[in-house]
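Trainee:
Number of protein chains: 2
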Amino acid sequence: MNLKDLAEKLKLSPTTVSRALNGYPEVSEATRVKVEEAARRFNYRPNTQAKRLATGRAMAIGHVIPISTQHEIVNPVFADFIAGAGEVYARSGYDFLMSIVPDADQDRTYREIRSKGSVDGCILHGPLLSDPRISLLRELRLPFVVHGRSTLEAGPYSWVDMNNIRAFQRATEFLIDLGHRRIALINGIETMDFAHRRRLGFEQALAARGLVPNPALMASGEMTEAQGYDETMAMLARPGAPTAFLTSSLLSAMGVRRALVELGLVLGRDVSIVTHDDDLSYLKNGGEYPIFTATRSSVRDAGRRCARMLLRQIELGQKAPVPPAFDLLDAPLIVGASTGPAPSI
Amino acid sequence: MNLKDLAEKLKLSPTTVSRALNGYPEVSEATRVKVEEAARRFNYRPNTQAKRLATGRAMAIGHVIPISTQHEIVNPVFADFIAGAGEVYARSGYDFLMSIVPDADQDRTYREIRSKGSVDGCILHGPLLSDPRISLLRELRLPFVVHGRSTLEAGPYSWVDMNNIRAFQRATEFLIDLGHRRIALINGIETMDFAHRRRLGFEQALAARGLVPNPALMASGEMTEAQGYDETMAMLARPGAPTAFLTSSLLSAMGVRRALVELGLVLGRDVSIVTHDDDLSYLKNGGEYPIFTATRSSVRDAGRRCARMLLRQIELGQKAPVPPAFDLLDAPLIVGASTGPAPSI
DNA sequence: TGCATCATCCAAAGCGCTTTGGTCAGGGAG
DNA sequence: CTCCCTGACCAAAGCGCTTTGGATGATGCA
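Heads up: the sequence lines are chains P and H, in that order. Sequential numbering from 1 applies to the first sequence in my numbering. Sequential numbering from 346 applies to the second sequence in my numbering.
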């Protein structure tokens, strides 16, 4: 059933039918009702491709997900983020296009989705400290919103980010207040902007209290359970072992905990942990009383916000150029069972 | 730059240019080279929508992901699965369309992507023991492949699944051989087909050794760390506590471990754990020597296989109806550090 | 009554591609 | 020399929609 068929059944022109369905004013209320009723009855739905071709709008948003060939890790945060974003797209009638491509093909992929006209805009994931994708997208004139920020990027662009610096400052201060002096940071890969900022927050908090960051207590890498375990084992084996750990992910924190248990140390008494918690739906930090003391910021919510921002930019951008938008989310520190005063010895 | 422009620059007709680029024989080798060279130089890429409209093929695969309103969980397995599938799509020139919709809207969504013609086929996720989506897709004549199976579904359909029954049989036998008699099963939601089969395997193995499954030792629910913890705490508090746990997910297993630690029990000595391991990239079960004894089956690989199977079905199906295909994956049992002989008391 | 206005509808021209059904020249067979 | 292929190209008709630029008759107003 296509528009023409429907029009014939109604003894109307395709023009009128199209207009009736798309809410144009130059059609009488009576016929509009008739058309809508018929469309429902015949289960008519406009062909996506035809509509797109005619309007020049793809009604789709793209997410280009790089699959790194070195560290073959799919970001665990990813599922929740796209759940949030996808929810918004679906409600707004946009399609959600995903491209999973090897790291090196990203550039080509962006150019391609641009010149093939398959999307109206895209979301940029996992921005680096300095990220060439931003200027590429700008150059391509493809509307985009960055999930995160890129510190070394000069020009303006739209983003949604949590306040990484502030969060890790707060977490560090909290540990210092509890008497901890040797605090370890188990961070993500620090070419990633978020990890860089977290480290900054950590160091700034230490400096503000006259403490000097110790490189031996700062690790950076893929945020997995194994990372937490391995780094903790290594750090606790050396002299000057930390009495507290600050981790960038719940998974790492779980690894730290495993190491502590194995060494016979009690969490929250012998050693404290504060982690960042992305509030992933399948990896909850306990219920009312959290297992880990954590800074929390829902990645799913970030997904929703990114999507909404992008859609708004696109809709507005139809008429005139729009200024970039920003959304800075605060991550409160929620006290759980994993922290306590530094041991007195 | 569109086809017409390119044709004008080359002083050729759009027909010839189109044919040259799409590898049709009725164009001389000389002009083909010329056309290809020009296309590259002008960075020409055919407009997706136009191509689709003209060919009637969407060159896209859909994944409809239900967001349950009750248990707001995004399947953690999901990210790895789509990474695998997406990789294949990208390589084959297919787009990857995702629809994140509320549970109740699934039906409508499938009908919609069908009548709007936005995809050539789709992957069905998380099949239930009895799943109406299968007959819906059959009725819609939309090619599809199921990731998993649906036991109560009568007619044929294509699927990729791991041998859940065999895997859990094997795991249970292994524990019985180690002397365990009170074995707990911490399973996924048993309306899901995979969970149902796992339970079957578990019960069959017990029965084969003359053991009777104890309902008090069988839990079913969302597979989270908290689930593992809570169920373990409950079971160990009751008389007739299990000496071994069989879990459906690494996350649950981690929860079990946390409970054991809290109760001062030693893993692999006082209590054993065997888990299923989906081999998620961000949640590895240790390196060479696994932390948990586990049946292992890569979900990412399953994603690749589903995608390949679906694409093959679609390509073949262009000409004649194709018979459904099946792919049953074996999940070997890999011995790790979490199992040992049952305590003698 | 006459003219402008308006509400309501329609024909036809795109959107950028593929594909059908040609044309046309050159070459081999008869 | 003619006839018929055949290889190489092209014009034009779709694909299913939107949108421009009318057409038509009813209404308002002087």
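Using N, Cα and C, we set each Cβ at its ideal position, and we do this for glycine too. All of these numbers come straight from a predicted model, not from anything done at the bench.
Of all the options A687(H), P677(H), R657(H), I679(H), which has the alpha carbon lying nearest to the alpha carbon of R489(H)?
Mentor: The sequence position of residue 489(H) within the second sequence is 144, counting from 1. It should be pointed out that residue 489(H) corresponds to Phe in this sequence rather than to Arg. Minimum Cα distance to F489(H) is reached at R657(H).
Trainee: Looking at the unbroken beta strand (DSSP E) that takes in S281(P), where does it start and where does it end?
Mentor: As a first step, residue 281(P) must be located in the first sequence, where it is residue number 281. Unbroken run through S281(P): none, as it is neither H nor E.
Trainee: Kindly indicate which three-state DSSP category F81(P) falls into: helix, strand or coil?
Mentor: In the first sequence, the residue the question calls residue 81(P) occupies position 81. Helix, per DSSP.
Trainee: Between L530(H) and the rest of its own chain, which residues show a CB-CB distance below 6 angstroms, the 5 nearest in sequence each way excluded?
Mentor: Within the second sequence, the letter at position 185 stands for residue 530(H). Here the set comprises F547, M563, L591.
Trainee: Give, in chain order, every unbroken run of the alpha helix (DSSP H) that is at least 4 residues long and sits entirely within the stretch 81-139 of chain P.
Mentor: Counting whole runs of 4 or more residues, the stretch 81-139 of chain P contains the alpha helix (DSSP H) stretches 106-115.
Trainee: In chain P, which residues lie less than 7 angstroms from A432(H) when you measure between Cβ atoms?
Mentor: Stepping through the second sequence from its first residue, residue 432(H) is reached at position 87. Looking at the sequence itself, residue 432(H) is Glu, so the reference to Ala does not match. Chain P residues near E432(H): I67, I100.
Trainee: In the DSSP assignment, what residue or residues form a beta bridge with H492(H)?
Mentor: If you number the second sequence from 1, residue 492(H) lands on position 147. H492(H) pairs with V505(H).
Trainee: Might you give, ordered along the chain, the residues of its own chain that have their beta carbon closer than 8 angstroms to the beta carbon of N163(P), omitting 5 neighbours on each side?
Mentor: As a position in the first sequence, residue 163(P) is number 163, starting the count at 1. For N163(P), where only same-chain residues beyond five positions count, the Cβ hits under 8 angstroms are L328, L329, D330, A331.
Trainee: On the three-state DSSP scale, how would you describe M537(H)?
Mentor: As a working mapping, residue 537(H) is identified with position 192 in the second sequence. M537(H) falls in the strand class under three-state DSSP.
Trainee: Taking A259(P) and T232(P) to be in contact with their CB atoms under 8 angstroms, please state how far apart those CB atoms are, rounded to whole angstroms.
Mentor: Counting from 1 along the first sequence, the entry for residue 259(P) is found at position 259. Counting from 1 along the first sequence, the entry for residue 232(P) is found at position 232. Right, the Cβ-Cβ distance comes to about 4 angstroms (below 8 angstroms), so this counts as a contact.
Trainee: Give me, in chain order, the residues of the same chain whose beta-carbon lies closer than 8 angstroms to that of K51(P); leave out the 5 immediate sequence neighbours on both sides.
Mentor: Taking the first residue of the first sequence as 1, we reach residue 51(P) at position 51. Within the same chain, K51(P) has close Cβ partners M59.
Trainee: Taking C-beta pairs closer than 8 angstroms, name the residues in chain H that T224(P) reaches, listed in chain order.
Mentor: For the purposes of this step, residue 224(P) is taken as the residue at position 224 of the first sequence. Within 8 angstroms Cβ-Cβ: Y627, L628, K629.
Trainee: What is the DSSP secondary structure of T376(H), counted as helix, strand or coil?
Mentor: Taking the second sequence and counting its residues from 1, one reaches residue 376(H) at position 31. In the structure shown, T376(H) sits in a helix (DSSP, three-state: H, G or I).
Trainee: Quick check: what's the CA-CA separation for H621(H) versus L595(H)?
Mentor: For the purposes of this step, residue 621(H) is taken as residue 276 along the second sequence, with counting starting at 1. For the purposes of this step, residue 595(H) is taken as residue 250 along the second sequence, with counting starting at 1. Each residue's Cα considered, the two are about 7 angstroms apart.
Trainee: For a cutoff of 9 angstroms on Cβ pairs, would you count G685(H) as touching chain P?
Mentor: The sequence position of residue 685(H) within the second sequence is 340, counting from 1. Closer than 9 angstroms: no.
Trainee: Give the range of the alpha helix (DSSP H) segment to which T15(P) is assigned.
Mentor: For the purposes of this step, residue 15(P) is taken as the residue at position 15 of the first sequence. From DSSP, the alpha helix (DSSP H) with T15(P) extends over 14-21.
Trainee: If you draw a straight line from the C-alpha of G62(P) to the C-alpha of E8(P), how long is it?
Mentor: The count along the first sequence starts at 1 and reaches residue 62(P) at position 62. The count along the first sequence starts at 1 and reaches residue 8(P) at position 8. Rounded to whole angstroms, G62(P) to E8(P) spans 37 angstroms at the Cα level.
Trainee: Start and end of the alpha helix (DSSP H) containing L310(P)?
Mentor: Indexing the first sequence from 1 puts residue 310(P) at position 310. 299-317 is the extent of the alpha helix (DSSP H) around L310(P).
Trainee: For N367(H), which option in K356(H), L348(H), M654(H) has the closest C-alpha, if you only look at C-alpha atoms?
Mentor: Here residue 367(H) refers to the residue found at position 22 of the second sequence. It is L348(H).
Trainee: So, is N388(H) buried or exposed, given that buried needs 16 or more other C-beta atoms within 10 angstroms?
Mentor: In the second sequence, counting from the first residue as 1, residue 388(H) sits at position 43. Under this definition N388(H) is an exposed residue.
Trainee: Taking only beta-carbon atoms, is N22(P) less than 9 angstroms away from chain H?
Mentor: Translated into the one-based positions of the first sequence, residue 22(P) becomes position 22. No, N22(P) does not count as interfacial toward chain H.
Trainee: Mind checking the stretch 446-479 of chain H against chain P and listing, in chain order, the residues whose C-beta falls within less than 7 angstroms of any C-beta there?
Mentor: Hits within the stretch, in order: V446, E457, S460, K461, G462, S463.
Trainee: What's the C-alpha gap between K461(H) and P447(H)?
Mentor: One-based indexing of the second sequence puts residue 461(H) at position 116. One-based indexing of the second sequence puts residue 447(H) at position 102. Their Cα atoms are separated by approximately 19 angstroms.
Trainee: How big is the Cα-Cα spacing for Y369(H) and Y434(H)?
Mentor: Here residue 369(H) is taken as the residue at index 24 of the second sequence, counted from 1. Here residue 434(H) is taken as the residue at index 89 of the second sequence, counted from 1. If I take the Cα positions, the gap works out to 24 angstroms.
Trainee: From L6(P) to L12(P), what does the alpha carbon distance come to, in whole angstroms?
Mentor: The sequence position of residue 6(P) within the first sequence is 6, counting from 1. The sequence position of residue 12(P) within the first sequence is 12, counting from 1. One C-alpha to the other measures close to 8 angstroms.
Trainee: Chain P partners of F423(H), CB-CB under 7 angstroms?
Mentor: Mapped onto the second sequence, residue 423(H) falls at position 78. The answer, in chain order, is A79.
Trainee: In this structure, does DSSP put F407(H) in helix, strand or coil?
Mentor: Locating residue 407(H) in the second sequence gives position 62, counting from the first residue. Phe is not the amino acid found at residue 407(H); the sequence shown has Gly there. Strand at G407(H).
Trainee: For the alpha helix (DSSP H) that contains L236(P), what are its first and last residues?
Mentor: Sequence index remark: in the first sequence, residue 236(P) carries index 236 (1-based). 225-237 is the span of the alpha helix (DSSP H), which, as asked, contains L236(P).
Trainee: Strictly below 9 angstroms CB to CB, what residues from chain P border R390(H)?
Mentor: For the purposes of this step, residue 390(H) is identified with residue 45 of the second sequence, where counting begins at 1. Within 9 angstroms Cβ-Cβ: R111, E112, R114, S115, K116, G117.
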